[in-house]
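Per this note's numbering, the sequence shown starts with residue 172, numbered consecutively.
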Amino acid sequence: PPNWAKVYDLTREMRRKIIAPVDTMGCERLAEREASPKDQRFQTLISLMLSSQTKDTATAAAVRGMQTQLPPPGLTLSNILAVSPTELNALIRQVGFHNNKTTYIKRTAEILRDSYNGDIPDTPEGLMSLPGVGPKMAYLCLAAAWDKVVGIGVDVHVHRITNLWGWHKTRNPEETRMALESWLPKDRWHEINHMLVGFGQTICLPVGRKCGECALAEQGLCPSAVVSKTVENKI
Numbered sequence: 172p173p174n175w176a177k178v179y180d181l182t183r184e185m186r187r188k189i190i191a192p193v194d195t196m197g198c199e200r201l202a203e204r205e206a207s208p209k210d211q212r213f214q215t216l217i218s219l220m221l222s223s224q225t226k227d228t229a230t231a232a233a234v235r236g237m238q239t240q241l242p243p244p245g246l247t248l249s250n251i252l253a254v255s256p257t258e259l260n261a262l263i264r265q266v267g268f269h270n271n272k273t274t275y276i277k278r279t280a281e282i283l284r285d286s287y288n289g290d291i292p293d294t295p296e297g298l299m300s301l302p303g304v305g306p307k308m309a310y311l312c313l314a315a316a317w318d319k320v321v322g323i324g325v326d327v328h329v330h331r332i333t334n335l336w337g338w339h340k341t342r343n344p345e346e347t348r349m350a351l352e353s354w355l356p357k358d359r360w361h362e363i364n365h366m367l368v369g370f371g372q373t374i375c376l377p378v379g380r381k382c383g384e385c386a387l388a389e390q391g392l393c394p395s396a397v398v399s400k401t402v403e404n405k406i
């Protein structure tokens with residue numbers, strides 16, 4: 172798209188100046204640094220599985236609850252295998268679709284034990300074979316857990332905002348991922364998710380976009396900008 176680099180850089184600049192929920196509570200931030208690398212990878216996967224259709228604050232609270240309320244050392248594969256579905260459901264009750272996610276997490280733990288030597292898969296196909304894990308989670312998990320950037324994690328914010336910018340006309344996040352990967356330089360693939368999720372949480376909101384606070388609207392770079400002009404009342 173024309174001007175894409177200018178739009179991207181201005182958005183990155185705006186993001187540098189704001190702290191969004193994803194910056195402190197995003198799934199990449201939730202694994203315990205003192206845990207073993209294998210446990211950190213498992214915690215990252217569980218964080219992402221809990222995050223779908225759930226606010227970052229609720230996901231973070233559920234993960235912290237599991238880390239502190241499961242027996243020491245907390246959120247590990249062996250503890251998830253041992254915990255009863257009822258207890259697990261209670262620990263994650265603040266996230267969306269917690270009943271489904273309880274089932275997915277218990278089944279995933281069994282698959283990791285039986286097929287992956289107790290670790291998480293290190294390919295998109297392996298991750299997407301797990302219950303409840305789609306392309307977005309798989310690509311974000313690979314980047315955060317294995318430091319492998321092989322695809323763009325496209326969530327509702329990335330899908331919505333890039334369509335608002337007129338970069339493409341796509342019907343769902345998976346179409347958006349394929350469209351972006353066809354031209355966006357690979358060195359941006361990892362950061363675009365984090366950048367646009369935070370932008371969508373703070374300025375380009377799903378409802379009530381703050382176009383008046385957006386540099387793209389100010390510079391005429393966003394075709395969807397709605398800026399209300401305040402008219403002075405002359406007496």
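Note that CB positions come from ideal geometry on N, CA and C, so glycine has one too.
- Scanning I217, A176, T294 for the CA closest to the CA of L262 turns up I217.
- W360 is classed as buried because its beta carbon has at least 16 other beta carbons within 10 Å across all chains shown.
- Burial state of S223 is buried, judged by a 10 Å Cβ sphere holding 16 or more other Cβ atoms.
- Counting along the chain, N334 sits inside the alpha helix (DSSP H) bounded by residues 327 to 335.
- Annotation note: the segment 237 to 302 contains the following uninterrupted alpha helix (DSSP H) runs of length 4 or greater, listed N- to C-terminal: 248 to 253, 256 to 262, 269 to 286, 295 to 299.
- In terms of Cβ geometry, L241 and R284 do not form a close pair [threshold 9 Å].
- A check of alpha carbon separations from T228 across T239, L246, G197, N250 identifies G197 as the nearest.
- For the pair A232 and G337, the Cα-to-Cα distance works out to about 36 Å.
- Contact annotation: A202 and T215 have beta-carbon atoms nearer than 9 Å.
- Under a 10 Å Cβ-count criterion, T373 is classified as buried, with 16 or more other Cβ atoms of the shown protein chains found around its own Cβ.
- By the Cβ test, the segment 347 to 363 is in contact with the segment 324 to 339, since at least three Cβ pairs between them sit closer than 8 Å.
- At a Cβ-Cβ threshold of 9 Å, L301 and Y275 count as neighbours.
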